[in-house]
Amino acid sequence: MYRKAAALILGLLAVAVSGDLATSDPLYQQWKGRIVGGTYARDGDFPYQASFRTADGTHICGGAVLNQQWVITAGSCMAGRATTDTRVVVGAYRLSQGGFNLGLRRIVIHPNFASETLANDVAVVRVSSPIVLSDAVQGVQLGSYNVNVAYGALVSGWGRLEFSNPQFPDNLQYIAVNIISQLECRARFAAPYDARIYDSTLCSSSPVGQGTCLGDAGSPLVHGAELHGIVSWGIPCGEGYPDVYARISSHRGWILAHTLI
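In case it helps, mature numbering (1 follows the signal peptide of the UniProt record, and there is no 0) puts the sequence shown at residues -19 to -1, 1 to 242.
Here's what the structure looks like:
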């Protein structure tokens, strides 16, 4: 990982989505996006973090830099969007300033993405000009193994701080979460949501008052110096239900096939 992010995990262990979802499901619609109960990140803490925005600069989703040409996010974030009306900012920890604002050259959504269930909720986006890697901007390594249960993973994003407040925080937020088994995750959801915990999804658990929310979709979950999840959905914000991610190890081959440079 990065030294700062690794230090954040150690400290948090002692304590311890998008603005426009593609589905019409009312429970998904009431979720959509922020890090609830998070901590303010500092400049350089998460150099892989990205913010996808509308043409007028409004934040819509998170993402993670993979290399000089590609950024990964959720398929639900890119569904219905075009390269002409979407941009991505990298190297910033505030929405209002800093970083590098880049146009998009190509959007590739997983071919098996399902908008109604958010299965295979992954997309990779090629930027129109190369990302200059530095201390402020770094690519994150893809998860190389199938993590089942783990402690102290980090999720970062600009999603809402509380469901009732539609404004996104200016400062990047993060929380430490525990990765839980799919069996436990399914048991904590009622039908039909338990059936939407696929082998290709990953779940995390955090205390009531913490979790992902509107605007966090597409944001990275990192553990052991590797990207293991992309924020997909949760019900509702910070109410004690697991947060659900696209599992990177399940989609690694597809991601590499499109993003190797």
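A virtual CB, placed ideally from N, CA and C, is assigned to each residue, including glycine.
Secondary structure of residue i, DSSP reduced to three states
i, result
"Tyr222", "coil"
"Ala100", "strand"
"Gly80", "coil"
"Leu164", "helix"
"Leu237", "helix"
"Ser231", "helix"
"Tyr21", "strand"
"Phe33", "strand"
"Ala95", "strand"
"Leu85", "strand"
"Gly124", "coil"
"Ile16", "coil"
"Gln130", "In the sequence on display, residue 130 carries Val and not Gln. Three-state DSSP puts Val130 in coil, outside helix and strand."
Sub-8 Å separation of residue i and residue j beta-carbons
i, j, result
"Val17", "Gly196", "no"
"Pro217", "Phe170", "no"
"Val203", "Ser213", "no"
"Ala55", "Ser96", "no"
"Val52", "Val118", "no"
"Ser137", "Ala22", "yes"
"Leu123", "Glu207", "yes"
"Ala157", "Gly133", "yes"
"Val121", "Tyr29", "yes"
From the options, residue whose alpha carbon lies closest to that of residue i
i, options, result
"Gly140", "Ala134, Gly133 and Asp151", "Asp151"
"Ile161", "Leu208, His232 and Val130", "Val130"
"Ser185", "Gly210, Leu123 and Ile229", "Gly210"
"Ala198", "Val103, Leu237 and Val46", "Val103"
"Asp26", "Leu47, Ser32 and Asp116", "Asp116"
"Ser181", "Val189, Gly190 and Cys166", "Cys166"
Where residue i falls, given that 16 or more other Cβ within 10 Å makes a residue buried
i, result
"Tyr126", "exposed"
"Asn101", "buried"
"Gly84", "exposed"
"Val113", "exposed"
"Ile242", "exposed"
"Ala238", "exposed"
"Ser187", "buried"
Quiz prompt | Contained alpha helix (DSSP H) runs [length at least 4] in the segment 132 to 209, N- to C-terminal order | solution = Counting whole runs of 4 or more residues, the segment 132 to 209 contains the alpha helix (DSSP H) stretches 163 to 168.
Self-check item: Unbroken stretches of the beta strand (DSSP E), 3 residues or longer, contained in the segment 43 to 67
Solution: Taken in chain order, the complete beta strand (DSSP E) segments of 3 or more residues contained in the segment 43 to 67 are 51 to 54.
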